[in-house]
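Under this note's numbering, the first residue of the sequence shown is numbered 524, with each subsequent residue one higher. Ideal Cβ placement from N, Cα and C applies to all residues, glycine included.
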Amino acid sequence: MTTIVWDGTTLATDSLISVNGSTYNHAQKLFKLDNGEWVAFAGEQQGWWEVMEWLNAGAPRNAKPHVTRIEMIIAGPNGVFEMFDRLVRMPVTGPVAYGTGWKWALAAIDHGKSAVEAVEYAATRDHDTGGDVQSVDVMTKAGKSFDALMREADTAGVE
């Protein structure tokens, strides 16, 4: 699997691809979407491409791909969101981590480490996390409450 982390300013992931606990390869897991957002994936790699195509097409409700065992963090100028198999954006207001190393990564965050350092620490404890750390600093409205984000979404385009 992998470890993906959001610490409030930085989105980070490892690069190891593992299959049934065995190292398989290394891959890009952090991608910039056409709308300027960044997405980091954990879980089954074959579904990532379908989800990225769907997100780049504007995420039409009637065309959601059927995916399983996918976790992602999406960060951009309009906020930070977590998304799982049902492909529903859920706002994030604090640090989060997903993938097999999530517990180690959050423990590192709790002890003042950055997202990059949290992924590096998870790699020392989780056999499915490793390789080069990929990261990006993202300008967001992550500090806004869920209610504030929803109000913005409701009033978008209303003058």
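Item	Value
Where the beta strand (DSSP E) containing aspartate 524 begins and where it ends	Checking the sequence shown, residue 524 turns out to be methionine, not aspartate. It is not in any beta strand (DSSP E) - methionine 524 carries neither H nor E in the DSSP assignment.
Cβ-based burial, proline 614 [other Cβ within 10 Å; buried from 16]	buried
Touch test, the segment 591–600 against the segment 557–566, Cβ-Cβ under 8 Å, three pairs minimum	yes
Contact under 9 Å by Cβ, leucine 539 with alanine 598	no
Same chain, Cβ closer than 7 Å to lysine 555, five either side skipped, listed in chain order	Trp561
Among Pro618, Val619, Val603, the one whose alpha carbon lies nearest that of arginine 612	Val603
For valine 619, three-class secondary structure by DSSP	strand
Rounded straight-line distance, which links the Cα of asparagine 585 to that of valine 659	31 Å
Pair within 9 Å by beta-carbon distance, glycine 559 and proline 618	no
Range covered by the beta strand (DSSP E) that runs through lysine 555	553–555
Glutamine 569 burial status per 10 Å Cβ neighbour count (16 or more: buried)	exposed
6 Å CB neighbourhood of glycine 624 in its chain, flanking five on each side removed	Thr526, Ala645, Asp649, Thr652
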